[in-house]
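Counted the way our numbering counts, the sequence shown spans residues 7 to 680.
One structure is given below, encoded as structure tokens.
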Amino acid sequence: MKSQRSVPEEIEALKKEIRRHEYLYYVLDNPEISDGEYDVLLNRLKAFETAHPSLVTRDSPTQRVGGRPSLAFAPVAHKIPMLSLDNCYSEAEFLEWDKRIRNGLKGEPYELVVEPKIDGLSCSIEYERGVLVRASTRGDGETGEDISLNVRTIRAVPLKLNVEAPPAFFEARGEVYISKKDFEAIRKEQLSSGEEPFANPRNAAAGSLRQKDPSVTAGRKLNFFAHSYGYLEGMAAPVTHWEYLEYCKKAGFPVPFISKKPCKDVSEVLGFYKEYASRRFTLPYEIDGLVVKVNSHSSQKLLGFTSKSPRWAIAFKYPAQQATTTVKKIAFSVGRTGVITPVAELEPVKCAGVMISSSTLHNFDEIERLGLKTGDTVIIERAGEVIPKVVKVVVGARTGRETEILPPSKCPSCAADVFKDEEEVAYRCINPSCPCQIKRALLHFGARDAMDIEGLGEETVEKLVDKKLVAKFSDIYLLKDKKKSLISIMSPKLLNDKGTENLLAQIEASKKQPLSRLIYALGIPHVGEKNARVLAEHFNNINALMRTGFDDLNRVSDIGPTIAKSVTVFFSEKHVQELLQELKTLCVNMVEPEKAKGSKLEGKTFVFTGELKSMTREAAGARVRELGGKETSSVSAKTSYVVAGADPGSKYSKAQKLGVTILSEEEFIKLVAE
Ligand code: IVH
7 MKSQRSVPEE IEALKKEIRR HEYLYYVLDN PEISDGEYDV LLNRLKAFET
57 AHPSLVTRDS PTQRVGGRPS LAFAPVAHKI PMLSLDNCYS EAEFLEWDKR
107 IRNGLKGEPY ELVVEPKIDG LSCSIEYERG VLVRASTRGD GETGEDISLN
157 VRTIRAVPLK LNVEAPPAFF EARGEVYISK KDFEAIRKEQ LSSGEEPFAN
207 PRNAAAGSLR QKDPSVTAGR KLNFFAHSYG YLEGMAAPVT HWEYLEYCKK
257 AGFPVPFISK KPCKDVSEVL GFYKEYASRR FTLPYEIDGL VVKVNSHSSQ
307 KLLGFTSKSP RWAIAFKYPA QQATTTVKKI AFSVGRTGVI TPVAELEPVK
357 CAGVMISSST LHNFDEIERL GLKTGDTVII ERAGEVIPKV VKVVVGARTG
407 RETEILPPSK CPSCAADVFK DEEEVAYRCI NPSCPCQIKR ALLHFGARDA
457 MDIEGLGEET VEKLVDKKLV AKFSDIYLLK DKKKSLISIM SPKLLNDKGT
507 ENLLAQIEAS KKQPLSRLIY ALGIPHVGEK NARVLAEHFN NINALMRTGF
557 DDLNRVSDIG PTIAKSVTVF FSEKHVQELL QELKTLCVNM VEPEKAKGSK
607 LEGKTFVFTG ELKSMTREAA GARVRELGGK ETSSVSAKTS YVVAGADPGS
657 KYSKAQKLGV TILSEEEFIK LVAE
């Protein structure tokens, strides 16, 4: 007789089964069951979880916002199915596609439009009489998820169509994506606030778009470009794709044209494919190929669709930047919030021109997903041209000597027990005195954008913690009374007397840093530099911030529930309260300096475009803030000044169009000079 499963066992089994089907569907693109059967499984799990809410974990498939319509966002039925694209990877395959087009059009001449294939997330945006009413993800192509609130935060998406007589209904379809630069900035912010960073720009775009808290999306600098049409009503349908793109451009959507006009023959397309094989690396966004589309809509109609994709379009992809190597060892690194991250140490190999010797595996679910063992031969890929990742295990290359990878039961740094919260994917060391965590936290505390203690570099921190001179932030402010021990533990080569003096002077000077830097330096999960500034400017002193509960924090503009919760939890910890008391006693500043009232930039907003020669954008923004002004990222009629550096972008022409005052770098410097 089959043994009866307990409810927790049943839930676990269902989750495992659903995850397996998701993997088959999303990763292998080879589903074993229909969508309906998948829904039956999911609904069964949902029913169990509704009856036993305490057993709902955050990693449950019911809590996930995946490619299939999620439970977290309302479903939106697409008026016309949102299809995908067929791929080809070589000139020969592309020419075969072209031959099919030629045959399909029975000798009629045709033009081809070439676009970049930007790796992001497909999105539909609907307008009624020119006003944005709804935005949704592609989902399964028939039904997507309502992400209107989040899409409304994307500045590249017009809330109102910029046309004189807007049609009764207009649906623009396109790609939400993130630029390489903004992706790097988000990763930096995530690393600095102790979160697990996104692996590539596509994940960053997807993760940001599917935020339940639109204020988080708003801070992510998502971008959009229009690439295909949806349902239209009350306007003459464009005759060609090119005409449609021109209309989108006029209506206010970015459209990244590759050519100046449609291509007359395939050799022109092949020319662009070759040109962009290397040029793509200099583009501000990630592309994994070009998309080629038949221009005339009547020819498109004639060619029609397969069940998944239009016959009249093809994604002409570039080969992935991959390499094969072996996993020598798995190392475990402990972050400043105690999260233990497995890192694969690899036999060094060249991939996309760069030597790769290690790759983060993010978490243990990833190891399980890959089925990875130590000693395995693996395929690595440089995703987003930045971080190498293991994409596949070459199972056929196994010798039998590979070994299972198990999560450590003890912290690799302090040997304390490792803990895994039911709700989290991550394993954590929860020992507050774990030297590795302390070292990382101290490095963050002293970082240039935090308390700015230059001498508190990796080697110094290593020694201070190992020799037990520092175990928490407040201890660094006591070092001046332990000068002798300090000098004795520092190798004279690294830190001679003068070095010690410098370090102590920098530590002393850091006491005067504004509250915003202190808040950031404390390393509150989810609180990066920008949010720290918002909090400091709003509350003015740390006591007011510490006294504020979740609801009031959540009401602060730019602060969403995730941050509000994290801040309240952080300040409710006894050791945090004690630490702040100690810092206060040691005369560390805990107020935000009042902005000089009536200063000349009070109430003025600045937008920067192009490259500045004499200072970084950050420094220019900081100067504006110092003088009471504000820096924003998009130009509107309300913008006071647009500062144009070298090679200014579209913000420059927008400023001209709106009649906003444009300053050269020299004029800006004059304006902000004392
Ligand atoms: S056209 C019916 N054009 O690639 C045609 N898609 O792999 C639908 N994509 O789902 C898409 N750049 O999310 C089109 N220039 C482009 C694109 C593009 C990126 C994405 C889109 C699509 C996926 C297919």
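Where is the CB? At the ideal position from N, CA and C, for every residue including glycine.
Check	Outcome
Contact under 8 Å by Cβ, residue 51 with residue 85	no
Euclidean distance between Cα positions of residue 662 and residue 668	8 Å
Three-state secondary structure assigned by DSSP to residue 460	coil
Contacts around residue 537, its chain only, beta-carbon distance under 6 Å, and the 5 residues preceding and following it disregarded	569
Residue 340 versus residue 433 - alpha carbon distance	10 Å
Range of the contiguous beta strand (DSSP E) that encloses residue 151	149 to 151
Near the ligand IVH: residue 144 beta-carbon under 7 Å from a heavy atom	yes
For residue 435, the first and last residue of its enclosing alpha helix (DSSP H)	From DSSP, residue 435 is part of no alpha helix (DSSP H) but of the beta strand (DSSP E) over 433 to 435.
Close-in-space but distant-in-sequence residues of the same chain around residue 346 (CB under 6 Å, 5 per side omitted)	338, 340, 433
Nearest candidate by alpha-carbon position, reference residue 382, set 457, 353, 130	353
Distance between beta carbons of residue 309 and residue 298, contact taken as under 8 Å	Wrong, their Cβ atoms sit about 13 Å apart, outside the cutoff.
Per-residue DSSP class, three states only, for residue 235	strand
Nearest-angstrom Cβ-Cβ length linking residue 386 and residue 336, presumed shorter than 8 Å	Their Cβ separation, rounded to whole angstroms, is 15 Å, which puts residue 386 and residue 336 out of contact at 8 Å.
Neighbourhood of residue 159 by C-beta, 7 Å cutoff - its chain only, sequence neighbours within 5 removed	220, 223, 224
Segments assigned beta strand (DSSP E), at least 3 residues, entirely inside the segment 389 to 451	393 to 399, 424 to 426, 433 to 435
Contact test: residue 349 Cβ vs the ligand IVH heavy atom, cutoff 7 Å	no
Residue 361, enclosing alpha helix (DSSP H) - first and last residue	Premise fails: residue 361 lies in the beta strand (DSSP E), 360 to 366, not in any alpha helix (DSSP H).
When 97, 190, 14, 92 are compared against residue 57, the one with the closest alpha-carbon	14
Cβ pair count under 8 Å reaching 3, the segment 96 to 107 against the segment 183 to 203	no
According to DSSP, residues forming a beta bridge with residue 328	387
Segment contact, 8 Å Cβ cut-off, at least three pairs: the segment 279 to 299 with the segment 322 to 329	yes
Local conformation of residue 336 per DSSP, three classes	strand
Exposure of residue 402, with buried meaning 16 or more beta-carbon neighbours within 10 Å	exposed
Backbone CA spacing between residue 679 and residue 626 [nearest angstrom]	11 Å
Same chain, Cβ closer than 6 Å to residue 527, five either side skipped, listed in chain order	451, 456, 457
Residue 33 - DSSP class collapsed to helix/strand/coil	Unreliable positioning characterises residue 33 in this predicted model, as indicated by a pLDDT of 34, which lies under 50. The coordinate reading is nonetheless provided below. Reduced to three states, the DSSP call for residue 33 is helix.
Distance between residue 25 and residue 40 (C-alpha atoms, nearest Å)	15 Å
DSSP bridge partner residues for residue 302 (one or two, in chain order)	246
Proximity test, residue 659 beta-carbon vs the ligand IVH heavy atom, cut-off 7 Å	no
Close Cβ partners of residue 247 (< 6 Å) along its chain, the five nearest in sequence each way excluded	119, 299, 301
Assigned exposure category for residue 607 - 16 Cβ within 10 Å defines buried	buried
Alpha-carbon spacing of residue 421 relative to residue 82, whole angstroms	50 Å
Cβ-Cβ distance between residue 367 and residue 348 below 8 Å	yes
heavy atom of the ligand IVH below 7 Å from residue 605 C-beta	no
Residue 462 CB to nearest heavy atom of the ligand IVH below 7 Å	no
Alpha helix (DSSP H) runs contained entirely in the segment 506 to 568, provided each spans 4 or more residues	521 to 527, 535 to 545, 548 to 553, 556 to 561
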